[in-house]
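In our numbering, the protein residues as written are 8 to 564. Ideal Cβ positions, reconstructed from N, Cα and C, are used throughout, including at glycine. Treat the numbers as computed from the prediction; the structure is a model and nothing was measured. See below for the structure under consideration.
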Amino acid sequence: MPGDCRGEQQYEMGGDPFWTIGALQACREKAQHPFQEGLVPTEIHEEPRHKFMISYSKRAAVRVQTVTGTLALSVFTAVLGSFQFGYNIGVINAPQKIIEADYNATWVHRYGEPIPTATLTTLWSLSVAIFSIGGMISSFCVGVISEWLGRRKAMLINNLFAFIGGGLMGMAKISRSFEMMILGRFVIGAYCGLASGLVPMYVGEIAPTSLRGALGTLHQLAIVTGILIAQVLGLESLLGSEELWPVLVGVTVLPTVLQMALLPFCPESPRFLYIIRCQEHHAKSGLRRLTGRQEVGDMLAEMKEEKRRMDMERKVSIAELFRSPMYRQPIIIAILLQLSQQLSGVNAIFYYSTSIFQKAGVQSPVYATIGAGVVNCAFTVVSLFLVERTGRRTLHMLGLSGMCGCAIVMTIALALLDSVPWMSYISMLAIFGFVAFFEVGPGPIPWFFVAELFSQGPRPAAMAVAGFSNWTANFIIGFGFQYLAELCGPYVFLIFAVLLLFFLIFTFFRVPETRGKTFDQISTSFSQHPPAMMDLDMELGKRSTELDYLGGEGSLD
């Protein structure tokens with residue numbers, strides 16, 4: 008039949024009937040492996056001379072890889088939280104001068120004199136950086152909340168923070184209170200801290216193995232889309248005016264309403280239901296909705312094996328991640344991947360892009376900032392299509408090396424700007440290239456890569472540690488970059504170039520490839536081999552699996 012590529016493989020069995028029964032069971036277990044390569048076992052039957060024949064069909068595999076309506080709805084609904092994360096990163100940039108003027112007006116109203124420059128700088132830096140403090144605190148609670156409430160309910164309740172934060176920021180001007188603005192930024196940061204852990208965790212758990220990388224990239228795509236929309240709405244001709252800036256910062260409640268309306272129609276993570284809550288019936292129901300298949304035994308078998316391993320382990324705390332040799336290597340990799348994202352310097356561009364473009368001599372810095380946002384979105388889409396073909400590790404190294412080169416070019420261009428005026432164009436192109444390479448690898452990959460490194464048991468604790476590391480680095484950059492730029496001048500990006508080179512070397516030697524591997528395969532590889540050998544072991548394992556099913560007496564047509 009067209010598109011129904013079938014094949015068969017024979018397995019020689021011994022004459023002992025008990026051995027034969029055991030071999031048949033092993034044969035059935037082996038039959039699950041081709042499913043990962045796009046082949047689904049459809050029949051196992053006995054042949055003469057104690058041989059067993061396994062028939063495979065690719066048509067079922069195609070059906071498994073299809074994105075169903077329920078899966079699309081669930082991922083879209085989840086990444087609305089990611090969208091808010093990005094929106095609240097970008098919304099503070101364009102109206103900076105207008106909001107600072109409002110802070111000054113509030114100060115004059117209270118004290119009858121203009122606000123001191125140093126005080127205004129401190130208040131503004133706090134308005135930017137306290138967002139990260141909220142994220143740092145809440146991200147550390149991701150593991151506890153996701154285990155207590157479940158992934159879906161945790162996202163639902165998290166929206167309360169978005170309502171409160173958006174309301175406080177939106178009412179700050181009419182209340183003549185910059186404290187409300189700062190408090191609102193803290194609360195919305197707490198919302199984003201939880202979302203930054205819950206969204207990749209939920210999407211990673213509901214996504215099929217073959218689509219996990221592409222769907223995981225949507226988290227970052229939603230973030231950069233939020234940044235871009237915030238930059239566009241922040242134009243003075245739209246919502247970035249003296250009268251409308253409260254609407255600009257308060258409109259974040261709208262995606263909150265949409266997410267709350269859609270979440271009840273999304274299934275809970277089947278992995279959470281089966282492995283953590285032991286609710287097999289509900290897990291089966293969720294799998295059927297997400298995959299569009301009635302027969303989900305192969306997926307349950309994988310979860311059953313993961314649950315068996317987890318039941319043999321002690322409950323994994325955050326401290327255990329660092330004490331246990333089994334988890335120490337992956338948690339160090341997870342932390343450094345998150346640091347490679349934030350300490351790359353990209354958030355310095357997001358937070359202060361307008362002023363950076365002004366120093367670079369760009370005549371319309373606001374529109375140049377929007378241009379960087381467009382590049383941001385475009386290359387995230389590129390990463391979405393490449394991540395399952397090229398692999399996570401390769402894309403991450405490509406992004407880090409490209410960013411390192413752009414940071415060096417940016418430094419040279421900014422240093423020569425006074426003597427060579429056309430260097431302003433070079434610096435702008437370097438910034439665009441910096442952002443583009445960021446979205447190829449370091450932008451999207453660390454978020455879902457962390458979820459892939461750990462099995463169901465340690466995953467919540469690992470996501471909490473990784474999220475805390477990310478937000479801490481975010482806070483350091485958000486609060487310290489302005490002072491660092493004043494101290495180092497045009498050479499500030501050389502610091503980021505050195506850091507990027509370090510992260511590139513670390514990734515090359517210590518980070519394994521996870522493309523096409525189940526959660527259980529990835530976590531098991533850490534306990535069996537040192538990280539430097541993982542890629543070789545996984546590649547050899549893949550080749551031996553292919554030989555198992557393509558070689559021998561049988562053939563695969």
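message: Check this for me: beta carbons of Phe515 and Met404, under 8 Å apart or not?
response: yes
Cβ-Cβ separation, Pro337 to Phe461 (assumed contact under 8 Å), whole Å: 6 Å
- prompt: Where does Gly299 sit, in a helix, a strand or coil, going by DSSP?
  reply: The answer is coil: DSSP assigns Gly299 none of H, G, I, E or B.
- request: Would you mind reading off the limits of the alpha helix (DSSP H) that contains Leu225?
  value: First-last of the alpha helix (DSSP H) with Leu225: 219-240.
Nearest-angstrom Cβ-Cβ length linking Gln349 and Asn481, presumed shorter than 8 Å: 5 Å
field: Beta-carbon separation (whole angstroms), Asn111 vs Ile99, contact threshold 8 Å
entry: Going by Cβ atoms, the distance from Asn111 to Ile99 rounds to 17 Å, so no, they are not a contact pair.
message: Going by DSSP in three states, Glu520 sits in which element: helix, strand or coil?
response: In the structure shown, Glu520 sits in coil (DSSP, three-state: anything other than H, G, I, E or B).
- prompt: Do you know whose CA, among Leu346, Cys495, Phe364, lies nearest Ser434's CA?
  reply: Phe364
query: Whose C-beta lies closer than 8 Å to the C-beta of Cys413 among residues of the same chain, with five residues either side of it excluded?
result: Ala437, Ile438, Gly440, Phe441, Phe444
- prompt: What's the gap between the Cα of Glu520 and the Cα of Arg400?
  reply: Straight through space, the alpha carbons of Arg400 and Glu520 are spaced by roughly 5 Å.
message: How far does the alpha helix (DSSP H) with Thr418 in it extend, from its first residue to its last?
response: 399-422
message: Please report the straight-line C-alpha distance between Lys104 and Phe475, rounded to a whole angstrom.
response: 30 Å
Sequence-distant residues of its chain with Cβ nearer than 7 Å to Ala179 (five each side left out): Phe185, Met187, Met188, Gly191, Pro253
task: In the DSSP assignment, find the alpha helix (DSSP H) that holds Tyr432 and state where it starts and stops.
output: Per DSSP, Tyr432 is one residue of the alpha helix (DSSP H) stretching across 430-447.
field: For Ala79, the nearest candidate out of Asp305, Phe329, Lys160, Ile213 (CA to CA)
entry: Ile213
task: For Phe461, name the three-state secondary structure that DSSP assigns.
output: coil
task: Thinking Val194 and Gly172 are a contact (beta carbons under 8 Å), I'd like their distance in whole angstroms, please.
output: 4 Å
- request: Can you give me the start and stop residues for the alpha helix (DSSP H) that Thr259 sits inside?
  value: Careful: Thr259 lies outside any alpha helix (DSSP H) and carries neither H nor E.
- prompt: alpha helix (DSSP H) containing Glu107: first to last residue?
  reply: 103-118
message: Let's test the definition: count the other Cβ atoms within 10 Å of the Cβ of Asp567 and tell me whether it reaches 16, buried, or not, exposed.
response: In the structure displayed, the chain extends from 8 to 564; residue 567 sits before or after that span and is not available.
message: Are the CB atoms of Ser81 and Gly142 within a distance shorter than 8 Å?
response: no
field: Minimum C-alpha distance to Phe486 - residue among Trp131, Ile502, Gly88
entry: Trp131
- prompt: Would Ile512 be called buried (16 or more neighbouring beta carbons within 10 Å of its own) or exposed?
  reply: exposed
query: If we count the other Cβ atoms within 10 Å of its Cβ and call it buried at 16 or more, is Tyr118 buried or exposed?
result: exposed
query: Where does the unbroken alpha helix (DSSP H) through Phe475 begin, and where does it stop?
result: Taken as a continuous stretch (DSSP letters only), the alpha helix (DSSP H) holding Phe475 covers 466-495.
- prompt: For the stretch 239-254 against the stretch 412-426, are there 3 or more C-beta pairs whose distance is under 8 Å?
  reply: Touching, no.
task: Would you decide whether Val115 is buried or exposed? Buried here means 16 or more other CB atoms lie within 10 Å of its CB.
output: exposed
message: Is Thr129 near the ligand ADP - that is, is its Cβ less than 7 Å away from at least one heavy atom of it?
response: Although the ligand ADP was asked about, the structure shown includes no ligands whatsoever.
- prompt: Beta-carbon separation of Leu240 and Leu255 under 8 Å?
  reply: yes
field: DSSP-derived helix/strand/coil call for Ile181
entry: coil
- prompt: Once you ignore the five residues that flank Gly450 on each side, which residues in its own chain have a CB closer than 6 Å to its CB?
  reply: Answer for Gly450: Gln227, listed in chain order.
query: Per DSSP, what kind of secondary structure is Leu133 in: helix, strand or coil?
result: Leu133 falls in the helix class under three-state DSSP.
query: Cα-Cα, which of Tyr334, Ser351, Arg158, Thr387 is closest to Leu222?
result: Thr387
message: Using only CA atoms, which one of Ala237, Cys495, Cys273, Glu154 lies nearest to Pro467?
response: Glu154
Own chain residues within Cβ distance below 7 Å of Phe329, not counting five before or after: So the list reads Arg335, Ile338, once near-sequence residues are dropped.
Span separating the alpha-carbon of Ser408 from that of Ser217: Looking at the two C-alpha atoms, the distance is approximately 27 Å.
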